[in-house]
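Read the structure below first, then the notes.
Residue numbers (the working numbering): 8 to 445.
Next comes the structure, spelled out in structure tokens:
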């Protein structure tokens, strides 16, 4: 097969000093900000990113350059550039290794983005649990200040920028951009009413851009190599490269950086396939908050348009892969327990709905009740979907509705047998393979 990998952000992950300033500068590090600050106007930078077609890599897929262009100019207010590094959705694991192995690419992207929106204060909001990542970021920020890539009059351009690494308290809801801004201001992290949107009234009631780690880290390579180079990866409407995080029942789990539009079949070929002696049952294309796919979807191009056409969301490209030993009811229950625990409680549909979803699921997994229990589960989902204050509610019901769509008989089998028909020990990596099976 043709090699589909496109190592750009991960090009130096196998080097011992990839995270240092010296290691980064060996790979054309900080050459893009020199080009941006000394050869381009802020509007030209926005235009370059907009024409590259870079779309948000944090799940929403909104065009990055378009988001930057929403920041009003000449309004007399300070502008803020905020990086959402609060990665915490089950299965999503791309931003943490990026910050660990390549923090200076992120910092360079922050300088470029801040220059483009005329911001002089930027923030990286990182999860409190990942202390090692926060320390790595702080060390890289100190190096960048010492080298003149942050602070006053960067590279003699007259542009000033201060960068603050802010460590959160570990709430999943703070991955939602307005909840993140509330937390950054010192308040309880809860989603805000919109409008006004952050581009108009964000951090400290001032125009603010909030971008994902991978989105921002992709910007320096676009300025170094040009928008046309970026469009050689991916598809026409979903150009560029991205991380595909394979986890679960695969032979070689990990981060696979490839052009958007690669298929799971191609990624599994690179990853050594499903673990020996087993077959694919279901998988998530974009993390636990996206509708499930099955083996019927192995050849769906993993870009924004094709995944949506097939009935799911590309999201963060967190490909959690499950073989036939996995009980889909048990898996969906675990995800639902996570969302019930992480609901901020601000809105009734999510606060009450996720609680009752867990109760219904526990009865189903125990084989209690009848088919009406399944309809009750779907009814609760219907009362949450589209009615919650933010996307957490919609994300919580996505794997439930899709799992019932594809595996309704498995749910009913729990009721017929009076309990789960699966042996959970067989899902473990140390369980013996079925010799000659499938």
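Here a beta-carbon is modelled for each residue, glycine too, at the ideal position from N, C-alpha and C.
For residue i, I'd like the list of residues in its chain whose CB is within less than 8 Å of its CB, leaving aside the five on either flank, ordered along the chain.
i, result
"residue 333", "256, 288, 289, 429 and 434"
"residue 73", "57"
"residue 8", "Confidence at residue 8 is low in this model, with a pLDDT of 40, below 50, so its placement is unreliable and the value that follows should be read with caution. The residues are 273 and 276."
"residue 438", "332 and 432"
"residue 281", "256, 257, 258, 275, 287, 328 and 330"
Which class does residue i belong to by DSSP, given the choice of helix, strand or coil?
i, result
"residue 131", "strand"
"residue 30", "helix"
"residue 102", "helix"
"residue 436", "coil"
"residue 49", "helix"
"residue 386", "helix"
"residue 185", "helix"
"residue 15", "coil"
"residue 326", "strand"
"residue 447", "Only positions 8 to 445 of the chain appear in this structure, which leaves residue 447 out of reach."
"residue 332", "coil"
"residue 80", "coil"
"residue 430", "coil"
"residue 37", "coil"
"residue 115", "helix"
"residue 319", "coil"
"residue 378", "helix"
"residue 396", "coil"
"residue 308", "coil"
"residue 357", "helix"
"residue 178", "coil"
"residue 424", "helix"
Who are residue i's beta bridge partners in DSSP?
i, result
"residue 24", "Looking at the DSSP assignment, residue 24 forms no beta bridge with any residue, so it has no partner."
"residue 368", "For residue 368, which the question treats as bridged, DSSP gives no partner whatsoever."
"residue 215", "87"
"residue 70", "62"
"residue 92", "133"
"residue 173", "132"
Are the beta-carbon atoms of residue i and residue j separated by less than 8 Å?
i, j, result
"residue 174", "residue 207", "no"
"residue 354", "residue 395", "yes"
"residue 252", "residue 335", "no"
"residue 117", "residue 170", "yes"
"residue 326", "residue 267", "no"
"residue 192", "residue 211", "yes"
"residue 312", "residue 234", "no"
"residue 88", "residue 121", "yes"
"residue 26", "residue 110", "yes"
"residue 145", "residue 45", "no"
"residue 95", "residue 182", "yes"
"residue 324", "residue 250", "yes"
"residue 15", "residue 248", "yes"
"residue 172", "residue 91", "no"
"residue 393", "residue 426", "no"
"residue 124", "residue 86", "yes"
"residue 397", "residue 203", "no"
"residue 294", "residue 98", "yes"
"residue 418", "residue 381", "yes"
"residue 13", "residue 221", "no"
"residue 306", "residue 242", "no"
"residue 262", "residue 59", "no"
"residue 421", "residue 372", "yes"
"residue 358", "residue 340", "no"
"residue 320", "residue 343", "no"
"residue 349", "residue 180", "yes"
"residue 379", "residue 391", "no"
"residue 219", "residue 32", "no"
"residue 53", "residue 20", "no"
"residue 400", "residue 66", "no"
"residue 129", "residue 168", "yes"
Once you ignore the five residues that flank residue i on each side, which residues in its own chain have a CB closer than 7 Å to its CB?
i, result
"residue 140", "103, 106, 107 and 133"
"residue 387", "360, 363, 364 and 367"
"residue 22", "30"
"residue 230", "39, 42, 43, 55 and 119"
"residue 442", "Here residue 442 scores only 43 on pLDDT, less than 50, and its place in the model should not be relied on; the value that follows carries that caveat. Hits under 7 Å: 284."
"residue 476", "Residue 476 lies beyond the residue range present for the chain, which begins at 8 and ends at 445; the question has no answer from this structure."
"residue 78", "86, 124, 206, 214 and 216"
Suppose the cutoff is 6 Å on Cβ atoms and the five residues either side in sequence are ignored; what does the same chain contact list for residue i look like?
i, result
"residue 158", "152"
"residue 444", "Its pLDDT being 38, under 50, residue 444 is placed unreliably in this model, and the value from its coordinates should be taken loosely. Here the set comprises 284."
"residue 302", "287"
"residue 166", "44 and 122"
"residue 150", "28"
"residue 408", "388"
So, is the C-beta of residue i closer than 8 Å to a C-beta in chain B?
i, result
"residue 282", "Absent from the structure is chain B; it holds one protein chain and no more."
If you measure from the CB of residue i, is any heavy atom of the ligand NAD nearer than 7 Å?
i, result
"residue 19", "In terms of ligand content, the structure shown is empty, and the ligand NAD therefore cannot be addressed."
- Task: Just list the beta strand (DSSP E) runs in the region 218-302, keeping only unbroken ones of 3 residues or longer that don't cross its boundaries, in chain order.
- Result: 248-255, 261-266 and 287-291
- Message: What ranges does the alpha helix (DSSP H) occupy inside the region 118-169, keeping only unbroken runs of at least 4 residues that lie completely in it?
- Response: 138-153
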